[in-house]
Amino acid sequence: MPDCEPYFVSEGTPWPAVLGRDFVNFLMLGAYYLLCFLVALPLLVVDRCLGTSGYERFIRLMEFIDNGGR
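First residue of the sequence shown? That's 33 in our numbering, and the numbers climb one at a time after it.
Printed below as a string of structure tokens:
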């Protein structure tokens, strides 16, 4: 019978810890995108009304963060 453990669980790693970590990562990713949306939408409206470049700066900042600061 084949081993039913996921390949990312190594020997000695309790599977509840792995699933808990994955769940926390999933929640943090959702919070990140929600925060981006809540900040970017008002910036986009202000940019269209006033002609500022805040939205473009915000997008550049998010790309910088997504690339790990590189």
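All residues carry an ideal CB built from backbone N, CA and C; glycine is no exception.
Residue closest to residue i, alpha-carbon to alpha-carbon, out of the options
i, options, result
"residue 92", "72, 48 and 83", "72"
"residue 97", "75, 51, 65 and 70", "65"
"residue 87", "102, 69, 99 and 101", "69"
Beta carbon proximity, residue i to chain E, threshold 8 Å
i, result
"residue 46", "Absent from the structure: chain E. Only one protein chain is present."
Nearest-angstrom beta carbon gap, residue j and residue i [assumed within contact, 8 Å]
i, j, result
"residue 90", "residue 75", "5 Å"
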